[in-house]
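A.B. asks: Dropping the structure in here first, questions after.
Structure, rendered in structure tokens:
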């Protein structure tokens with residue numbers, strides 16, 4: 001009989017300030033260097049010290065798309081973690097804890113309780129976070145890895161802190177390793193090795209790298225979680241990449257500085273979360289009127305207002321749809337994972353350059369602050385670049401280079417609606433770029449008694465741009481058997497968890513397929529309608545209360561979903577949440593399933 005594939009979830013729980021990130025980083029890098037796939041989610045609070053954190057780190061020998069359903073090993077760095085999560089541990093799982101300070105609770109039969117006398121194992125070290133290193137040694141032992149692997153990882157992670165720090169931690173890890181070898185059971189088989197070493201990144205790093213690959217030369221932001229990681233990466237790599245990075249005093253300044261840089265001719269990008277995006281919206285409309293190509297990233301978190309700064313949600317869809325006032329052209333896209341986010345940024349820049357309009361990318365905390373393995377060969381730092389109808393060379397006074405000697409029409413009413421765009425400052429290409437409606441040459445129509453014919457002409461001209469470029473955006477495709485009992489529709493970050501839920505449904509005897517939506521504008525109404533009208537039962541899955549995408553789907557197609565699975569408690573879906581929702585709706589129990597999140601953090 002073929003053995004089950006290796007798939008293991010480690011939970012590290014404690015309080016902010018207890019150094020949870022370091023053991024998580026060491027384990028993550030150790031796993032991906034062995035060629036194993038990784039997906040990690042950090043459920044944390046919006047305070048600097050205290051509160052509760054649970055880092056779930058899932059590792060597997062096969063490709064994975066979520067942080068899983070259950071914990072296989074729980075490291076308790078404080079009593080609170082033991083009290084909160086012990087009841088969730090199943091038979092055959094491990095619970096590690098510092099027996100000097102933590103009192104174990106009543107565990108289910110078959111749970112391996114693993115006390116570690118940290119003081120004795122570290123010669124009564126006064127280092128408050130040394131228990132983390134002891135635990136790393138124990139975890140490596142339980143997983144069947146050799147100690148040399150951990151020793152090398154500690155040297156890489158802590159080498160910049162000096163030889164004494166490295167030696168202290170190696171010694172502490174050895175104590176935990178030897179203690180576990182003598183007292184704790186290990187896995188039935190050691191952790192396998194994958195085909196090739198992988199890399200590890202966060203979604204925010206992927207978005208920032210995507211910007212660099214796309215040729216971004218100006219990045220501006222005001223720090224707002226969960227988008228701040230993009231600013232950190234940009235600032236750290238700006239000099240090497242030739243990118244000007246600015247931290248402004250607020251999101252109003254961010255949006256206007258970014259649009260100014262884009263208007264001057266460089267590719268420019270900024271990022272924020274919902275509250276900051278609300279301040280940017282008037283400027284986004286300005287970019288639409290001035291026909292400036294620029295990219296805005298909204299990393300969604302739970303709202304409204306300040307909301308829950310460190311929790312995830314898909315609650316800003318209609319905010320993006322309604323950003324600024326009036327009718328204007330824009331692209332809105334919601335990548336499905338970190339690698340897709342990386343690839344989408346250059347794609348979006350090419351589209352906004354061609355269409356000369358703003359583009360909005362909707363990420364969320366799950367993608368942006370999640371940690372994922374990636375095949376380095378899948379990262380293309382040199383994607384195709386298309387700047388569209390961009391004029392970069394000055395023209396002579398006599399109209400050489402094919403120029404019109406009667407004046408430059410920046411907003412020329414062309415068949416496609418796309419006008420030749422000259423960079424400001426080029427000789428022979430003078431025009432007015434203003435937020436008022438204007439004629440083809442940029443002259444404000446309010447200077448001509450608000451000419452209604454010219455207003456109509458310019459509205460229709462701008463609309464044709466998107467209609468022309470939209471054909472370059474691929475429509476969504478159905479994944480899975482065409483005759484499935486259930487069609488699950490999701491958008492953005494629900495992609496991975498739906499994909500894994502479909503596999504679990506198959507094990508329960510239910511066939512399901514998946515229609516993942518990435519492009520919100522342009523929306524492929526005809527293609528989506530054709531797929532959904534053939535489906536037996538359609539259930540929309542989304543991380544919000546009101547069913548924002550379900551409403552948008554109905555407004556664009558007239559199609560009303562048969563059922564809904566929604567989550568809005570700040571935590572992301574787990575695969576079994578969707579499985580339970582589908583089964584409940586197939587049984588006729590409900591048409592709107594809201595899962596209960598088990599791991600309270």
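Numbering (the working numbering), first residue to last: 1 to 601. Yeah, the Cβ is synthetic: ideal placement off N, Cα and C, and Gly gets one too.
Based on Cα-Cα distance, which residue from 497, 524, 586, 521 lies nearest to residue 542?
C.D. replies: Ranking 497, 524, 586, 521 by Cα distance to residue 542 puts 497 first.
A.B. asks: Specify whether the segment 255-273 and the segment 210-228 touch according to this definition: at least 3 beta carbon pairs, one from each stretch, less than 8 Å apart.
C.D. replies: They touch, by the three-pair rule.
A.B. asks: Whose CA, out of 466, 175, 170, lies closest to the CA of residue 416?
C.D. replies: It is 466 whose Cα lies nearest to the Cα of residue 416.
A.B. asks: I need the straight-line Cα distance from residue 156 to residue 114, nearest angstrom please.
C.D. replies: Cα-Cα distance, rounded: 28 Å.
A.B. asks: If you compare alpha carbons, which of 122, 127, 74 is closest to residue 107?
C.D. replies: Out of 122, 127, 74, 74 has the C-alpha closest to the C-alpha of residue 107.
A.B. asks: Using 10 angstroms around the beta-carbon of residue 306, count the other beta-carbons present and answer buried if the total reaches 16, otherwise exposed.
C.D. replies: Classification of residue 306: exposed, given that the 10 Å Cβ count is below 16.
A.B. asks: List the whole-angstrom C-beta distance separating residue 330 from residue 313, where the pair is believed to meet the contact cut-off of C-beta under 8 Å.
C.D. replies: With a Cβ gap of about 22 Å, residue 330 and residue 313 do not count as contacting.
A.B. asks: Could you give the DSSP three-state label for residue 532: helix, strand or coil?
C.D. replies: Of the three classes helix, strand and coil, the one that applies to residue 532 here is helix, per DSSP.
A.B. asks: How close, in whole Å, do the beta carbons of residue 172 and residue 121 come, if the pair is a contact with beta carbons under 8 Å?
C.D. replies: Indeed they touch by this definition, with Cβ atoms about 7 Å apart.
A.B. asks: Quick check: the Cα distance between residue 403 and residue 427, rounded to an integer number of angstroms?
C.D. replies: Because residue 403 carries a pLDDT of 44, less than 50, the predicted location of this residue cannot be relied on, and the following value inherits that uncertainty. Using only the alpha carbons, I get a separation of about 11 Å.
A.B. asks: Note down the Cα distance separating residue 374 from residue 33, rounded to an integer number of angstroms.
C.D. replies: Distance between the alpha carbons of residue 374 and residue 33: 11 Å.
A.B. asks: In this structure, does DSSP put residue 400 in helix, strand or coil?
C.D. replies: In this prediction, residue 400 has a pLDDT of 48, which is less than 50 and means its spatial position is unreliable; nothing more can be read from the coordinates.
A.B. asks: Terminal residues of the continuous beta strand (DSSP E) containing residue 114?
C.D. replies: 112-116 is the extent of the beta strand (DSSP E) around residue 114.
A.B. asks: Between residue 338 and residue 502, what straight-line distance do the alpha-carbon atoms span, to the nearest angstrom?
C.D. replies: Answer to the nearest angstrom: the Cα atoms are 21 Å apart.
A.B. asks: Please go through the segment 261-312 and give each complete alpha helix (DSSP H) segment of 4 or more residues, from N-terminal end onward.
C.D. replies: Complete alpha helix (DSSP H) runs here, min 4: 274-290.
A.B. asks: So is residue 272 buried or exposed if we call it buried at 16+ other beta carbons inside 10 Å?
C.D. replies: The residue is buried, with at least 16 neighbouring Cβ atoms inside 10 Å.
A.B. asks: Between the C-alpha atoms of residue 47 and residue 308, what's the straight-line distance to the nearest angstrom?
C.D. replies: One C-alpha to the other measures close to 11 Å.
A.B. asks: How would you call residue 325, buried or exposed, if buried means at least 16 neighbouring beta carbons within 10 angstroms?
C.D. replies: Exposed, by the Cβ-count rule.
A.B. asks: Grab the span of the alpha helix (DSSP H) containing residue 578 for me, first residue to last.
C.D. replies: 575-586 is the extent of the alpha helix (DSSP H) around residue 578.
A.B. asks: Do residue 186 and residue 141 come within 8 Å of each other at the CB atom, strictly closer than that value?
C.D. replies: Cβ distance < 8 Å, so residue 141 and residue 186 count as in contact.
A.B. asks: Going along the chain, which residues of its own chain have a beta-carbon closer than 6 Å to the beta-carbon of residue 18, five neighbours each way excluded?
C.D. replies: Counting only Cβ-Cβ distances below 6 Å, and skipping sequence neighbours, we find 77.
A.B. asks: Mind listing, in chain order, the continuous beta strand (DSSP E) runs of no fewer than 3 residues lying wholly within the segment 15-70?
C.D. replies: With a minimum length of 3 residues, the continuous beta strand (DSSP E) runs that stay inside the segment 15-70 are 37-43, 50-60.
A.B. asks: In the DSSP output, what is residue 222 paired with across the bridge?
C.D. replies: Residue 222 pairs with nothing; no bridge assigned.
A.B. asks: Pick from 518, 322, 316, 57: whose alpha carbon is nearest that of residue 26?
C.D. replies: Selected option, being the one with the closest Cα: 57.
A.B. asks: Rounded to the nearest angstrom, how far is the Cβ of residue 538 from that of residue 489, given a contact under 8 Å?
C.D. replies: Indeed they touch by this definition, with Cβ atoms about 6 Å apart.
A.B. asks: According to DSSP, residue 438 sits in a beta bridge with which residue or residues?
C.D. replies: Bridge partners of residue 438: 444.
A.B. asks: Within 10 angstroms of the Cβ of residue 177, are there 16 or more other Cβ atoms? Answer buried if so, exposed if not.
C.D. replies: So residue 177 ends up on the buried side.
A.B. asks: Could you give the distance in angstroms between the alpha-carbon of residue 547 and the alpha-carbon of residue 348?
C.D. replies: Roughly 26 Å separates the two Cα atoms.
A.B. asks: Would you call residue 561 buried or exposed, if buried means 16 or more other Cβ atoms sit within 10 Å of its Cβ?
C.D. replies: Result: buried.
A.B. asks: Within its chain, find whatever has a CB closer than 6 Å to the CB of residue 563; leave out the 5 residues flanking it on each side and keep chain order.
C.D. replies: The answer, listed in chain order, is 539, 585, 591.
A.B. asks: Just how far apart, CA to CA, sit residue 565 and residue 288?
C.D. replies: Those two C-alpha atoms are separated by around 35 Å.
A.B. asks: Can you tell me the Cα-Cα spacing of residue 388 and residue 346, whole angstroms?
C.D. replies: Looking at the two C-alpha atoms, the distance is approximately 13 Å.
A.B. asks: Can you give the Cα-Cα distance for residue 516 and residue 128, rounded to whole angstroms?
C.D. replies: Approximately 46 Å between the Cα atoms of the pair.
A.B. asks: Pick helix, strand or coil for residue 468, following the three-state DSSP scheme.
C.D. replies: Looking at residue 468 - three-state DSSP - the assignment turns out to be helix.
A.B. asks: For the beta strand (DSSP E) holding residue 76, just list the boundary residues, first then last.
C.D. replies: Unbroken beta strand (DSSP E) run through residue 76: 73-76.
A.B. asks: Among the residues of its own chain, which have a CB less than 6 Å from the CB of residue 597, if the five just before and after it don't count?
C.D. replies: Within the same chain, residue 597 has close Cβ partners 569, 571.
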